[in-house]
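Peer 1:
In this note's numbering, the protein residues as written are 1037 to 2022.
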């Protein structure tokens, strides 16, 4: 027995020694691998997966500084992987330096894209969605956020019709869908729909996703007909650990890039001598009236951004100050903005709460556009001031001194924007997430103007005029939805989402005007001091609208090759008639990744991706339609009457609007066929073919009285079609250790046609637009007609064959000698082009971008009115008029309808990133210089072919107030600017 015990003990001891020895040997063979992982620009990569090759359980992630530490057996092979980069392997060592290279195709396909109420990998999309990241957005001076997208998205037109820094740009996607309602896309900021785009500052944007087709935008139902722009800001928290402070700022100088070439004082005098004009008055001056209104505009902007994010919580804050002068004296935009956001995880990251607040205040001095016409009307020998130092004043129509008109007025406008939101996310089980997002948006616009008693026109004529107005709007929104993600057998992926949305809009405002002031000391601050009060000088208003929605979406993918998406939204709006309060908006789309099929195996060496997409959907448009338009309204009309009972004068009330219980939203159905491709890991792109038809177009139609109580009615009648093709092409032309060259090309073609404007109840042969009211001899002339078979902005008028021997216009006429009204072209551009190139060499970078529009016509009404021989010698004319031989007064014809084709070099930025800044305690220092609007290639003879392209209708009287494509003494000069900027990261 003792022997057995002894043997057992000895045997156990031997085994213990053996395993101890083995353990010592194993420990002796382990190594602690340490190192740094960066990209090709030597920037640290956070969150890179580092694991032992063949052992998925043994690994780690790089930290905020790109460093890692991993204990592993000596001689192990480590694998480094990161989204958008090529996977690399290296032998484990104590001091490692890994430089990861980008995979162009992988980077683009793994980009997370906003799709509305969620996100999705770009590779899984079935609809037409285009994305732009922070690096690709417009560089330079940006006074309105939408300017950053100019030329960056195929099919998206950003038209800046003015150089005034206080003016925004017009946004159109795939040609627009409406005549009387809004044509602007829905703006969604960090998941909040309907936000004013300028609530977001350009420096805060990290990506923009544009939902272009109906299958993508239908999730937003009655607000998605014009497309959806989803903006993600740096306020949207990230799970990546980040601690940083960043400063971005610039200083810029700009000047007017082009002027009308009018006669100088010496040229005017020569003309008078050559033509023997005896009664011409030479005032002795030498004045360039355009340049007298201008200045070198100095602008500067400063932004500081703080962020501190870890795995459980985080916060960020941003503050911006901008002051942008216009090239016209006294015009400028000053903006102060700030934002703050924070988030916190709990319950093992199953619960998340976040909130944020952003606010900004704009102050600007508006410009009286009448100064531009006056600058062309005044004789160049008229001095700005007379010998007594007073502003020179001469007699005549529209010949007021433009410098005085610009200086002798006090105008101060301001706008406040506030956006606050709170968001809760709960994930009770893996794959199931519930989200509630509440927001409040407030906008307030205040206008203030005073024309002193000594000011020309209204000031002197009315003994001073003071005006103030205040317009406020408040929007409350609640967006709640639940999503469920699951994967079955690693083959089937399913995402289901359903939700509810509530939006309430309330707006109100008031305004007052007074005249007859005994003193100018109060300016607009004491309107009661004015003794002249007139009917209509005081007004106020208030309105409210509610939108309630139920929505859902299903995404399905099989093997990553076959994908399908279906959405449905049911909207109920208070804006429309009793018979159409609710609308249903469905969509469906499918995609097939052809490149993953076995029969495509032979192309795998060069074809990285080939995906076919097909989508159909219906979207609506309720924006731009005022509240209570379906109801019968009463208002004050006519002259006051005397009420003998009360002994007072009273205003009579009468119908001002007919009821229309059938009033509803315009609806757009759209087909989209798309192809995504990637070749040799260097060329990626997409091609889109689309056809969309809008029906139930709104317009104001005349109606008989009786049975109607009022003479017009807003009704759904017309149809409009847009068909087109889009190309987006990204190329990585050259890529080496020190040098890279990337390009981005966007091209789109759109053909628009108004296909119906009448039915059995409402008839019209066409709607007049493009009025030339205010131009001498041309009042009552309309240059455009909205009619069936033509696009919006169609010019109609006589064709000019040429000039006769006496310098008179020869117009194409009928047998009776009357000019024939013919189609002369459209203000709608057929082709939009965007081109951007980025070069980098070591620590230098160069970005060049431009955009162009082709196929549109522009009526050069400014030059048309100036080519008038009756203007001389009292006024001024263009230099070319003197030799033109024209002796007829201003006459509208195709002689003045010019091609508006152009390509503009939008910006050129050269930057330098200082190396070895970490020794200074800094992450990055970059300096840059930017030149904007360097040149424009065009045949247009006016100042600039990029003019207003908006159509605006007064829904109260059915009159078109603004028409596209007309250059008519209203162009604020576009500046050419040069700026110096600094980016610093701590």
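For glycine and all other residues, C-beta sits at the position ideal for the given N, C-alpha and C.
Under 8 Å: do the stretch 1901 to 1921 and the stretch 1951 to 1965 share three or more Cβ pairs, one atom per stretch?
Peer 2: Contact fails between the stretch 1901 to 1921 and the stretch 1951 to 1965, because fewer than three Cβ pairs, one in each stretch, are under 8 Å apart.
Peer 1: To the nearest angstrom, how far is the alpha carbon of residue 1639 from that of residue 1753?
Peer 2: 52 Å
Peer 1: Which of the three DSSP states, helix, strand or coil, is assigned to residue 1060?
Peer 2: Per-residue confidence for residue 1060 stands at a pLDDT of 39, beneath the threshold of 50, marking its modelled position as unreliable; the derived number appears in the next sentence. Here residue 1060 sits in helix by DSSP.
Peer 1: Strictly by DSSP, which residues pair up with residue 1581?
Peer 2: 1541
Peer 1: Residue 1849 bridges to which residues according to DSSP?
Peer 2: 1855
Peer 1: Have a look at residue 1063 and residue 1110 and give me their C-alpha separation to the nearest angstrom.
Peer 2: Its pLDDT being 41, under 50, residue 1063 is placed unreliably by the model, and the measurement read from it follows with that caveat. Taking the straight line joining both Cα atoms gives about 10 Å.
Peer 1: Unbroken alpha helix (DSSP H) runs of length 4 or more, entirely within the stretch 1059 to 1119: which are they?
Peer 2: none
Peer 1: Determine the direct distance from the alpha carbon of residue 1635 to that of residue 1115, and round the result to whole angstroms.
Peer 2: It is roughly 31 Å from the alpha-carbon of residue 1115 to the alpha-carbon of residue 1635.
Peer 1: Is the stretch 1875 to 1885 touching the stretch 1791 to 1802 in the sense that three or more CB pairs, one from each, lie closer than 8 Å?
Peer 2: They do not touch, by the three-pair rule.
Peer 1: How is the alpha helix (DSSP H) around residue 1441 delimited, first residue to last?
Peer 2: DSSP places residue 1441 inside the alpha helix (DSSP H), whose first and last residues are 1438 to 1443.
Peer 1: Under three-state DSSP, which class holds residue 1807?
Peer 2: strand
Peer 1: Give me whichever residues DSSP pairs with residue 1865 in a beta bridge.
Peer 2: None, per the DSSP bridge assignment.
Peer 1: Going by C-alpha distance, which of 1379, 1396 and 1394 is nearest residue 1388?
Peer 2: Ranking the options by Cα distance to residue 1388, first place goes to 1379.
Peer 1: In the DSSP assignment, find the alpha helix (DSSP H) that holds residue 1308 and state where it starts and stops.
Peer 2: 1301 to 1310
Peer 1: Quick check: the Cα distance between residue 1816 and residue 1833, rounded to an integer number of angstroms?
Peer 2: Distance from the CA atom of residue 1816 to the CA atom of residue 1833, rounded to whole angstroms, is 13 Å.
Peer 1: DSSP puts residue 2000 in a beta bridge; with which residues?
Peer 2: Bridge pairing for residue 2000: absent [DSSP].
Peer 1: Which value, in whole angstroms, describes the spacing of the CA atoms of residue 1786 and residue 1187?
Peer 2: Just so you know, the alpha carbons of residue 1786 and residue 1187 end up roughly 15 Å apart.
Peer 1: In three-state terms, what does DSSP make of residue 1489?
Peer 2: In this structure, residue 1489 counts as coil in the three-state DSSP scheme.
Peer 1: Which stretch, first to last residue, makes up the beta strand (DSSP E) that contains residue 1759?
Peer 2: Residue range 1748 to 1771 is occupied by the beta strand (DSSP E) that includes residue 1759.
Peer 1: Please state if the CB of residue 1208 and the CB of residue 1200 are separated by a distance shorter than 8 Å.
Peer 2: no
Peer 1: Quick one: measure Cβ to Cβ for residue 1767 and residue 1719, integer angstroms, because I've assumed they're closer than 8 Å.
Peer 2: 5 Å
Peer 1: To which residues of the same chain is residue 1748 closer than 6 Å at the C-beta, ignoring the five residues directly before and after it?
Peer 2: 1736, 1738 and 1994
Peer 1: Would you call the stretch 1555 to 1569 in contact with the stretch 1579 to 1594, where contact means no fewer than 3 C-beta pairs closer than 8 Å?
Peer 2: No contact exists between the stretch 1555 to 1569 and the stretch 1579 to 1594.
Peer 1: Give the straight-line distance between the Cα atoms of residue 1713 and residue 1256, rounded to the nearest whole angstrom.
Peer 2: Each residue's alpha carbon lies about 28 Å from the other.
Peer 1: Compare the Cα-Cα distances from residue 1461 to each of 1391, 1362, 1288 and 1396 and report the closest residue.
Peer 2: 1391
Peer 1: Looking only at its own chain, which residues have a Cβ that is under 6 Å from the Cβ of residue 1343, when we skip the five neighbours before and after it?
Peer 2: 1278, 1280 and 1352
Peer 1: Just how far apart, CA to CA, sit residue 1153 and residue 1517?
Peer 2: Each residue's alpha carbon lies about 8 Å from the other.
Peer 1: Residue 1407 by DSSP, collapsed to three states: which one?
Peer 2: helix
Peer 1: Looking at the unbroken alpha helix (DSSP H) that takes in residue 1898, where does it start and where does it end?
Peer 2: First-last of the alpha helix (DSSP H) with residue 1898: 1897 to 1902.
Peer 1: Taking the Cβ atom as the reference point for each residue, do residue 1655 and residue 1253 lie within a distance shorter than 8 Å?
Peer 2: A contact, by the Cβ cut-off of 8 Å.
Peer 1: Take every Cβ of the stretch 1894 to 1911, pair it with every Cβ of the stretch 1865 to 1880, and state whether three or more of those distances are shorter than 8 Å.
Peer 2: no
Peer 1: Mark residue 2007 as exposed unless 16 or more other C-beta atoms lie within 10 angstroms of its C-beta, in which case mark it buried.
Peer 2: buried
Peer 1: Taking just the CA atoms, how far does residue 1149 sit from residue 1061?
Peer 2: Confidence at residue 1061 is low in this model, with a pLDDT of 42, below 50, so its placement is unreliable and the value that follows should be read with caution. For residue 1061 and residue 1149, the distance between alpha carbons rounds to 51 Å.
Peer 1: According to the Cβ coordinates, are residue 1131 and residue 1070 closer than 8 Å?
Peer 2: Contact: yes.
Peer 1: Mind checking whether residue 2035 and residue 1657 have CB atoms under 8 Å apart?
Peer 2: Residue numbering for the chain in the displayed model covers 1037 to 2022; residue 2035 lies beyond these limits and cannot be assessed.
Peer 1: Using only the heavy atoms of the ligand ATP, determine whether one of them is closer than 7 Å to the beta carbon of residue 1420.
Peer 2: As presented, the structure is devoid of all ligands, the ligand ATP included, so that no description of it is given.
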